[in-house]
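**Q** The structure that follows is given in the form of structure tokens.
In our numbering, the protein residues as written are 11 to 105.
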């Protein structure tokens with residue numbers, strides 16, 4: 011696993027937290043910059059279902075309301091083991 015500075019060099023995008031309306035465009039642009047085949051993992055209950063912030067006027071709610079999600083990792087916060095399992099599950103969908 012390598013962490014990269016640019017989405018243009020990434021295979022997988024981890025998105026944590028709810029998506030605010032102000033960040034919606036930035037998230038879409040980041041998603042579009044990841045080369046195909048791209049994978050998205052929504053990390054944490056706020057990213058997966060909007061959490062307690064999902065009802066806010068400033069929130070677009072869950073990540074899947076903005077971009078496609080391959081794997082959802084539940085938890086508030088999710089355990090490190092669950093996070094690694096989610097990443098591996100996303101990679102497994104590629105085969």
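By construction, the Cβ of each residue, glycine as well, lies at the ideal position given by its N, Cα and C atoms.
Just list the alpha helix (DSSP H) runs in the stretch 36-75, keeping only unbroken ones of 4 residues or longer that don't cross its boundaries, in chain order.
**A** 55-59
**Q** Would you give the residue range spanned by the beta strand (DSSP E) that residue 82 belongs to?
**A** 81-83
**Q** Of the residues 19, 28, 18, which one's Cα is nearest the Cα of residue 66?
**A** 28
**Q** In terms of residue numbering, what span does the beta strand (DSSP E) encompassing residue 14 cover?
**A** Per DSSP, residue 14 belongs to no beta strand (DSSP E) and is neither H nor E.
**Q** Assign residue 57 to buried or exposed, taking buried as 16 or more other Cβ atoms, counted over all protein chains shown, within 10 Å of its Cβ.
**A** buried
**Q** Of all the options 71, 43, 55, which has the alpha carbon lying nearest to the alpha carbon of residue 30?
**A** 71
**Q** Who are residue 26's beta bridge partners in DSSP?
**A** Residue 26 is bridged by DSSP to 53.
**Q** Count the other CB atoms, across all protein chains shown, that sit within 10 Å of the CB of residue 82; report buried if there are 16 or more and exposed otherwise.
**A** Buried: at least 16 other Cβ atoms inside 10 Å.
**Q** Quick one, which of 40, 80, 88 has its alpha-carbon nearest residue 99's?
**A** 80
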